[in-house]
Amino acid sequence: MNIQQIKQEILSRFPNAEETYLDKYLEICSKDDTTDYVEAHHILPKSKSLWPEYISFKSNPWNKVKLSYVNHCLAHLYIAKSINHFAAWTPVQRMIYGTNENSMKYRNITEEDVMVIAKCAEEYKTHYRGDIHHNTGLKRNVGDEARRKISLALKGKKKPERTEGHKQNLTSSIRKRYETYVVSQETREKLSSSIKKYYSENKRILSSAHKKAISDGMKGENHMYFGKTFSNEHKSKISESNKITKRNNQPHWKFYDELFEKYVQWQPITHSTFRTKVVKLGYPDKFYGNMIKSFETEKLA
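Listed below in structure tokens is the structure:
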């Protein structure tokens, strides 16, 4: 297909399409961009609700165009505004909000480009807030006045309490999910590094009034555990879990088994002497008192 045939294909499927935006869309898609960074774009959208039969670039090379990031954003915005289909609006959101700030997309980007992307974001938000639901394409049943009344009615109210049976079902479901869910050490390290980086770059300085408001909001009946009691067994489980978490964060606990062998081998030995000897052997210079207590209670008993 050529551009004119593509236009006729779109109009045959969406006879009420806004042609002003459709022409802008096809103008962008009529030729490849020559910028350093380009992205492949399906001229006839590949969504299952639109033209999934043309998803393959190999079989349908005419449906592929290479666009700069900014033109790619505009292309998705124009086709969405033209046919006003939810499957065309979803990529607009992904293009604008689903990109890492360090992405190649943002290299060599100009101030004018930033303004274009901001415009796309505002257009998407306007559509999202409108009468047409962004996911279904159906008219919203709740008007602005109804939303305001619902908001006023719910202000200050707590979420409804879940029944005991509901809680048990949720707990059972979550446990079953994580019985077979294994997170590798590499993934844990990546997650940890990512979280540390985020908080180091996005430090929030809270005012005294803000801190007090947070504190007051968690006191008394506002606290998540207000009115709840735990059995001794439950308290014991929480305590043991906290101990394990603390141990996992201490480097010397990784050598527990081999250090236990040395502890047995060096008997009798005091806590301070044990620490001095293992540090000389290259183990972490940490407090070993709790580990030795664990040796004595769990292994030597």
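Mapped onto this note's numbering, the consecutive letters of the sequence shown carry residue numbers 3 to 303.
Backbone N, C-alpha and C define an ideal beta-carbon position, used for all residues, glycine too.
Determine the extent of the alpha helix (DSSP H) in which residue i is found, giving its start and end residues.
i	result
K199	Q187 to E203
E263	Y258 to Q267
A90	F88 to Y99
D35	D35 -> no alpha helix (DSSP H), and no H or E assigned at all.
L13	I5 to R15
S274	H273 to K282
For residue i versus residue j, is the C-beta distance shorter than 8 Å?
i	j	result
K282	Q252	no
Y27	I81	yes
A89	S49	yes
V118	S70	no
L76	C122	yes
L46	I85	no
D35	K68	yes
K295	V280	no
G284	H273	no
H74	H43	yes
G222	F228	yes
W268	F276	yes
Y126	Q170	no
Which of the three DSSP states, helix, strand or coil, is assigned to residue i?
i	result
V72	helix
H236	helix
K157	coil
H225	coil
A211	helix
K66	strand
E41	strand
Q252	coil
P54	helix
M220	coil
Y290	coil
K230	coil
Measuring alpha carbon to alpha carbon, tell me which residue in the options is nearest residue i.
i	options	result
Y23	K178, P93 and L79	L79
T92	E260, F276 and L52	L52
V116	K83, V72 and H87	V72
Answer with yes or no whether the minimum CB distance from residue i to chain C is below 8 Å.
i	result
R190	Here there is only one protein chain, and chain C is not present.
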